[in-house]
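Position one of the sequence shown corresponds to residue 101 (our numbering), numbered consecutively onward. For each residue, glycine too, the CB sits at the ideal point set by N, CA and C. Below is one structure, written out as structure tokens; the observations come after it.
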Amino acid sequence: MPKLIEKNEKGFSLFLNKGRCGGCRVCIVVCPTGILELSGELNYRIAYVPKVKEGKEKYCTGCRRCEYCCPDWCLYVLEEGEENQTEKAET
């Protein structure tokens, strides 16, 4: 699963399951720091998927609002220890 934010200094990563995204933009609206925007990339659902604005990764607070509000469950905030558990489950 692609990472929007690679383990930042706060110890978490933001993942996006591009195939599940419906392009509703809810994650962009609820982000308190405004770091998300639509990319020019379409997925197989013919929806534009979100991306992190260039150079804004460090402003993500890890509040999980994008994750909790996503109706398609395509965004995931994982803390440092959780990532290893996910990788083990996939293998």
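Item checked: Rounded C-alpha distance that separates Leu104 from Gly140 -> Leu104 and Gly140: Cα-Cα distance of roughly 15 Å.
Note to self: Does Lys151 come out as helix, strand or coil in the three-state DSSP assignment?
What the structure shows: Note: Lys151 maps to strand in three-state DSSP.
Next item on the list: Please list, in chain order, all residues of the same chain as Glu179 whose beta carbon is under 7 Å from its beta carbon, the five residues on each side excluded.
Entry: Gly111 and Phe112
Checklist line | Spatial distance of Glu109 from Phe115 (CA atoms) | finding: 16 Å
Item checked: DSSP bridge partner residues for Glu137 (one or two, in chain order) -> Answer is Lys151.
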